[in-house]
Amino acid sequence: MLHPTHEQHFMKKVKSAKYGRRPSRQVLQSLYAQMTLEYALFDSNYERLRRLIDHSLDNKDAGQFKILTDQYNELIHEYEHGKIIQEQGYELELDFKFN
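See the structure below:
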């Protein structure tokens, strides 16, 4: 699945409601896939909005700038405290960094 050191780091972040039980490979793969998708969606939306905001500034389009900055602020608000994904009683907390 992962390089051993990456897997160890990943496993430290996985929390269990079933104290002490190691999640199955299927659960780990599902959490990893969800994590990858969540980060990809965030990064894609974050970069797209930044690029469009810059474009609206270059074009001096105040209306478009307002719409895009509202969307950007909503995105930041949604992810600023991280996100928790769950699978069969296991949780993984994701942290997001903003430039």
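FYI, UniProt numbering numbers position 28 of the sequence shown as 28, with every residue one higher than the one before it.
C-beta atoms are modelled at their ideal positions from N, C-alpha and C, and glycine is treated no differently.
Only a predicted model underlies this, so the values are computations on that prediction, with no experimental measurement involved.
Option in Y46, K13, N99 and Q29 with minimal Cα separation from Q71: Among Y46, K13, N99 and Q29, the Cα nearest to that of Q71 belongs to Y46.
8 angstroms Cβ cutoff met for L75 and F65: No, Cβ-Cβ distance for L75 and F65 is not below 8 angstroms.
Whole-angstrom distance between R21 and E78, CA atom to CA atom: Here the C-alpha atom of E78 lies approximately 31 angstroms from the C-alpha atom of R21.
L80 - DSSP class collapsed to helix/strand/coil: Checking the sequence shown, residue 80 turns out to be Glu, not Leu. Residue state, collapsed to three classes: coil.
Distance between V27 and E38 (C-alpha atoms, nearest Å): Across the structure, E38 and V27 are spaced so that their CA atoms are roughly 16 angstroms apart.
S44, enclosing alpha helix (DSSP H) - first and last residue: Here the alpha helix (DSSP H) through S44 covers R25 to D58.
Beta-bridge partners of E91, as assigned by DSSP: Under DSSP, E91 takes part in a beta bridge, and its partners are K15 and Q86.
Cut-off 7 angstroms between Cβ atoms - residues of its own chain near N98, not counting five sequence neighbours on either side: Note that residue 98 is Phe in the sequence shown here, rather than Asn. Only residues of its own chain outside the window of five on either side were considered, and among them I76 have a CB closer than 7 angstroms to the CB of F98, listed in chain order.
T69 and I84 closer than 8 angstroms at C-beta: No, these two residues do not count as a Cβ contact at 8 angstroms.
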